[in-house]
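Student:
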Amino acid sequence: MSTDTIRNFIGGEYVEGGMPFENVNPVDGSVVSKVLEADKSLVEEAVAAARRALEGPWGLYTAVQRAEVMRRIAARIEERAGDLLAAEIADTGKPLALARDLDVSRASQNFRAFADQIASAGTESFLTEFPDGRRALNYALRKPLGVVAVIVPWNLPLLLLTWKVAPAIACGNTVVVKPSEETPSSAALLGEIMAEAGLPDGVYNVVQGFGPGSAGEFLTTAEGIDGITFTGESGTGSAIMRAAAPWVRPVSFELGGKNAALVFADADLEKAIAGLTRSIFTNSGQVCLCTERVYIQRPIFDEVVAGLAEQAKALRMGNPYDEATTTGPLISQKHRSKVFSYFAKAEAEGGLAVVGGGVPQMPAGLEGGSWIEPTLWTGLSHDSTPMREEIFGPVAGLVPFDTEEEAVRLANDTPYGLAASVWTGDLERGHRVGGRMRAGISWVNTWYTRDLRSPFGGVGLSGIGREGGLNSFHFYTEPTNVCVALSNEEVL
Ligand code: NAD
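Per my numbering, the sequence shown runs over residues 699 to 1190.
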C-alpha cells in the first residue's frame, strides 16, 4: 500500500479513481497522505464486488473454515502491528501505548473472539407438541444477512472497524467499509492484511470519503446493501436511518453518549479517583464510553474534586512516540473548535474550570496540532448546556448530590443512555444502583472492562440494537425457521 496516496480497496485490490483529499496529522497539522474519495460509481463497484464474493466460493465456506481464516487475519494483524500502529498514530495522534494496548491489540482480539464463537455456535431447536400426540420439530437456520455496509468513526478506528467486520465475516457476510474521512489509513491497510491472510477477494472492501453527498451516503443508499452497521453521532444515525428507510434496511447503531459516574461517600476514593481519571481523559475524552458528568456525594465532594484536579494536572500532552506522553490532541481543528465552544458556554452558565479551560502552549513543532487542555468544571447545574450535550473531549462537569435516589435520577435524566459507572464500597448498593442505570452498560468500581461476549450498545439517542457475542450473530444473520411435521397425519 502506498503511504502517500490511499486508494479504495475493491474486489481484493487497490483501485485507481476518485478525487484526492488531504489526511491531516492532528499532532502538528502536517499532511500525512492524500486520500482518493470514492464517487457513486466506485461505491457501486464495491457493492457489486461484495455481492459477487457472497455468491462465489465464500458462500460455501463452513463456519469452521471461516474461523480458520479469521485466526490467520488475527495473526497477520499481530505480525503487522508496527504498520497498523504507525497508521493509527499518524491519523489520530494518540499516544503509542494507547494505540498499541487498545486499538491494535483489540483488533486481533476481535477476530479471535468471534472466530471462537462462530466455530462453536449452535442454533435453537425445539419440539412443538399437540394434546393429541402430533408433533413438529422446529429449528432456525441462520443465514448471512448478505452485503453489509460498515460505517465507522475516527476515535478508535481499527478497534471499532474490526468489532463489526469480524462478526460480519464470521457469519458469512461480505462487507463494504467506510472509515472516517479523518482516519482512512488502518482500514485501507487492513485490505492488504486480509489478502495476505487468504480472505477471498471481495469479502472485505473499503470505500473512502465523507458522509453526506459522498461515499457514506452513496453506500447507505446503494442498491444491493442488505444491512447497515454504524458507529458515530446520534444525528448521523438518524440521517442514515432516513436515507435507508425506502429499503427498510436492518440497522445496528452505536451512537453518542453523555455518560455519568456516581461517586458515593463509601467508595475507596483513591481507586475511584484513578478510575474516574481514566474514564474522563482516555484518548483525550474521545471514547464514546468516556464520562462527562460526575455526580459526587456531598461529604466527599471537595476531596474528589481536588483528587481529580491533581490527576488532570499530571497528564502530559506531547509527541505520541514519547513514553511520557499520556494525552494526545483532538482529532482535528474543527473538533477542537467545537470542544472549545463549550469552554465559553460553561463560563457563561456558572462553571468554574478547576483545572484547564484553555489551549495549551505546545513546544516547537507541535503548535499546529489541535491541542486542548484537560478540563474539569465545578459550579455547573445539572441542567446547564455542558452537562447535557455530548462534547467528546477531555472534559467533565463535577456536581454534588445528597441521596442515592437523587443520584439515580440525575444520572438517568439524559436523552442518551450508553454507559454509566458507580463507585461505592457497598456491593449491595453497587448491584442496586448499577441495575437502575438507564444505559447499555453499567460498571461498578471499574470502567471500560469489556467481555466481548456481553451485549454492547445503548438506549435512547445512544443506539439501536446490541452487538457482542450472540447479539452480533443475531444482527449479522437472518433466521429461517424450518418446521417439520413428525407424524404421518397432517399437523394443524
Ligand atoms: P460521525 O457521525 O460524524 O461520523 C461517523 C461516520 O459516519 C464517518 O465515517 C462519517 O463519514 C460517516 N457519515 C457522516 N454522515 C453520514 C451520512 N449522512 N451518511 C453516511 N455516513 C455518514 O461521528 P464521528 O464524529 O466520526 O464520531 C464521534 C461520534 O461517534 C460521537 O458521537 C461518539 O459518541 C460516537 N461513538 C459511539 C460509539 C459507540 O459505541 N456507541 C463508539 C465510538 C464513537
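Beta carbons: idealized from backbone N, C-alpha and C, even for Gly.
Taking I1029 as the reference, give the member of P724, Y993, M892 and F1154 with the closest Cα.
Tutor: The candidate whose alpha carbon is nearest that of I1029 is P724.
Student: Helix, strand or coil for Q807 per DSSP?
Tutor: Q807: helix per DSSP, three-state reduction.
Student: Start and end of the beta strand (DSSP E) containing V1097?
Tutor: First-last of the beta strand (DSSP E) with V1097: V1093 to F1099.
Student: Report back the beta-carbon spacing between V850 and T919 to the nearest angstrom; my notes put them in contact at under 8 Å.
Tutor: In fact, because the Cβ distance is near 18 Å, the residues do not count as touching under 8 Å.
Student: At 3 residues or longer, and completely inside the segment 995 to 1079: list those beta strand (DSSP E) runs for me, N to C.
Tutor: Counting only runs of 3 or more, we get 1050 to 1053 and 1073 to 1076.
Student: Does the ligand NAD have a heavy atom nearer than 7 Å to the CB of A751?
Tutor: No, the ligand NAD has no heavy atom inside 7 Å of this Cβ.
Student: Which ranges does the beta strand (DSSP E) cover as unbroken runs of at least 3 residues, wholly within the segment 866 to 934, from first to last along the chain?
Tutor: 872 to 876, 902 to 904 and 925 to 929, all fully within the segment 866 to 934.
Student: So what's V1131 in DSSP terms, helix, strand or just coil?
Tutor: V1131: helix per DSSP, three-state reduction.
Student: Closer than 8 Å is the cut-off here; do at least three beta carbon pairs connect the segment 786 to 798 with the segment 1020 to 1037?
Tutor: Segments in contact, yes.
Student: On the DSSP letters alone, give me the boundaries of the alpha helix (DSSP H) that I708 sits inside.
Tutor: Where I708 is concerned, there is no enclosing alpha helix (DSSP H), although the beta strand (DSSP E) it sits in stretches over N706 to I708.
Student: Tell me which same chain residues have a C-beta within less than 8 Å of the C-beta of S823, skipping the five on either side of it?
Tutor: So the qualifying residues of the chain are L835, N836, Y837 and A838.
Student: Check whether the Cβ of W1075 lies closer than 7 Å to any heavy atom of the ligand NAD, and answer yes or no.
Tutor: No, the beta carbon of W1075 sits no closer than 7 Å to any heavy atom of the ligand NAD.
Student: Got a sec, what are the start and stop residues for the alpha helix (DSSP H) V1106 sits in?
Tutor: Residues E1102 to N1110.
Student: Taking 7 Å as the line, does the beta carbon of G1115 fall inside it for any heavy atom of the ligand NAD?
Tutor: No, Cβ of G1115 sits at least 7 Å from all heavy atoms of the ligand NAD.
Student: Opposite M717 in the DSSP bridges: which residues?
Tutor: DSSP output for M717 lists E735 as bridge partner(s).
Student: Please report the straight-line C-alpha distance between D1219 and R749, rounded to a whole angstrom.
Tutor: Past the edges of the chain, shown from 699 to 1190, lies residue 1219, and the structure says nothing about it.
Student: Kindly indicate the opening and closing residues of the alpha helix (DSSP H) around R833.
Tutor: R833 -> not in any alpha helix (DSSP H); beta strand (DSSP E) instead, spanning R833 to P842.
Student: Does V850 come out as helix, strand or coil in the three-state DSSP assignment?
Tutor: Of the three classes helix, strand and coil, the one that applies to V850 here is coil, per DSSP.
Student: I'd like the list of long-range same chain contacts for M699, defined as Cβ closer than 7 Å, with 5 residues on each side in sequence excluded.
Tutor: Any reading at M699 must be qualified, since the residue scores a pLDDT of 40, below 50, and its modelled position is unreliable; the value itself is stated next. If we look at M699 and ignore the five residues flanking it on each side, its Cβ neighbours are Y712, A886, L887 and E890.
Student: Counting Cβ pairs, one atom from each stretch, are 3 or more of them under 8 Å apart for the segment 932 to 952 and the segment 1074 to 1087?
Tutor: Taking 8 Å as the limit for Cβ pairs, the verdict is that the segment 1074 to 1087 does not touch the segment 932 to 952.
Student: Under the three-state reduction of DSSP, which class applies to T980: helix, strand or coil?
Tutor: In this structure, T980 counts as helix in the three-state DSSP scheme.
Student: DSSP on A1183, reduced to helix/strand/coil?
Tutor: The answer is strand: DSSP assigns A1183 an E or B state.
Student: CB-CB under 7 Å to G1123, same chain, minus the five flanking residues each way: which ones, in chain order?
Tutor: Within the same chain, G1123 has close Cβ partners D964, A965 and D966.
Student: Given a threshold of 16 other Cβ atoms within 10 Å of its Cβ, counted over all protein chains shown, does E990 qualify as buried or as exposed?
Tutor: It counts as buried.
Student: I need the DSSP call for R1148, collapsed to helix, strand or coil.
Tutor: DSSP places R1148 in coil when its eight states are reduced to three.
Student: Does the beta-carbon of V730, which I'm using as the reference point, lie nearer than 7 Å to any heavy atom of the ligand ADP?
Tutor: With respect to small molecules bound, the structure shown includes the ligand NAD and not the ligand ADP.
Student: Flag V1157 as yes when its Cβ comes closer than 7 Å to any non-hydrogen atom of the ligand NAD, and as no otherwise.
Tutor: No - the ligand NAD has no heavy atom lying nearer than 7 Å to the Cβ of V1157.
Student: In chain order, what residues of the same chain have a beta carbon less than 7 Å from the beta carbon of V863, not counting five sequence neighbours either side?
Tutor: Contacts found: V848, V873, V875 and Y902.
Student: Count Cβ pairs between the segment 750 to 759 and the segment 851 to 861 that sit closer than 8 Å; are there 3 or more?
Tutor: No, the segment 750 to 759 does not touch the segment 851 to 861.
Student: In this structure, how does DSSP classify A1137 when only helix, strand and coil are distinguished?
Tutor: Three-state result, A1137: coil.
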